[in-house]
Amino acid sequence: MSRKEEHGEKLDKFALSEIVPAPSDFILFDAEKCTGCSGCVIICPMDLWKMREGRARLEADYREKCMECGSCFIACESGAIDFTYPPGGSGVVYKFA
Ligand code: SF4
Ligand code: SF4
């Protein structure tokens, strides 16, 4: 048992982060190219992609939650997802003490 478990503490993954919504869209999704493979749904660590009627759908508020890992872009073999990094200081901003 770890020290955290012994003391009943929970790890807060956002304890050293701040959410600063990106000023504009940085993920573009082309539903016409989506084959419904679910790759983006499976790989997104923030659970921002959902399947609906055989196609992927990105959460409307993704700019406030996306960790900018780019995994959905890499996982999509059909080219339905385009990703560019948002401006620095926006998105999930990590603070290091
Ligand atoms: S970039 Fe990462 S966190 Fe953001 S939507 Fe894609 S897989 Fe999810
Ligand atoms: S990875 Fe691409 S093709 Fe597969 S469900 Fe997601 S958007 Fe559609």
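Per the numbering used here, the very first residue in the sequence shown carries number 745; after that it's consecutive.
We treat Cβ as the ideally placed atom computed from N, Cα and C, and that holds for glycine.
All of these numbers come straight from a predicted model, not from anything done at the bench.
Between residue i and chain C, is there a C-beta pair that is closer than 9 angstroms?
{"i": "GLY832", "result": "As a matter of chain content, chain C is missing from the structure shown, which is built from one protein chain."}
Taking the beta carbon of residue i as the centre, do at least 16 other beta carbons fall within 10 Å, making it buried, or is it exposed?
{"i": "TYR806", "result": "buried"}
{"i": "LEU792", "result": "buried"}
{"i": "GLY823", "result": "exposed"}
{"i": "ALA800", "result": "buried"}
{"i": "PRO830", "result": "buried"}
Check the DSSP bridge columns for residue i and list the partner residues they point to.
{"i": "PHE840", "result": "DSSP, once it has assigned bridges, lists no residue as partnering PHE840."}
{"i": "PHE773", "result": "ILE825"}
{"i": "GLY843", "result": "No answer is possible for residue 843: it lies beyond the span of the chain, which begins at 745 and ends at 841."}
In the DSSP assignment, find the alpha helix (DSSP H) that holds residue i and state where it starts and stops.
{"i": "SER815", "result": "815–819"}
Need the endpoints of the beta strand (DSSP E) that residue i sits in, please.
{"i": "LEU760", "result": "No beta strand (DSSP E) holds LEU760; DSSP gives it neither H nor E."}
In whole angstroms, give me the CA-to-CA distance for residue i and residue j.
{"i": "GLY833", "j": "THR779", "result": "34 angstroms"}
{"i": "LEU772", "j": "PHE840", "result": "30 angstroms"}
{"i": "TYR838", "j": "GLU812", "result": "12 angstroms"}
{"i": "GLU821", "j": "SER815", "result": "11 angstroms"}
{"i": "CYS810", "j": "PHE827", "result": "11 angstroms"}
{"i": "MET790", "j": "ILE818", "result": "16 angstroms"}
Which parts of the region 775–811 are runs of the alpha helix (DSSP H), unbroken and 4 residues or longer, counting only runs that do not cross its ends? 783–787
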